[in-house]
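Count the sequence shown with the UniProt record's numbering and you get residues 1 to 91, in order.
Where a beta carbon is used, it is the ideal one built from N, C-alpha and C, also for glycine.
Since this is a predicted model, take the numbers as computed values, not measurements.
As structure tokens, the structure follows; a few thoughts come after it.
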Amino acid sequence: MGDKSHWPKFNPGFKMIPPKLEKPPGRPRKKRIKASGEAGKRGPYQCKRCFQFGHIEKGCNATQAELEQELPPPRPKNQKSKGNPNLKLLK
């Protein structure tokens, strides 16, 4: 078929009009909904108790003995000097 003039004529018996567009309730959405294949912001979850990926601390099943064996050594904390630093410069 060619253009609109070649289309068959059809009369449904009433006037067809598009439906009314109503504004949905609530605040308008600011961000679009991402497709399932698009990357998100978050990376994999990491547990803060056992440091394994895939779950969080709330759902961790590790026992206390397992946690003590696998913990990395604690990092040394920076010691702050006591006293006024300006007094040391004046001496």
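Determine which residues share a DSSP beta bridge with residue i and list them.
{"i": "residue 53", "result": "46"}
For the ligand MN, is there a heavy atom less than 7 Å away from the beta-carbon of residue i?
{"i": "residue 57", "result": "Absent from the structure shown: the ligand MN. Ligands present: none."}
If you run the structure through DSSP and keep just helix, strand and coil, what is residue i?
{"i": "residue 77", "result": "coil"}
{"i": "residue 20", "result": "coil"}
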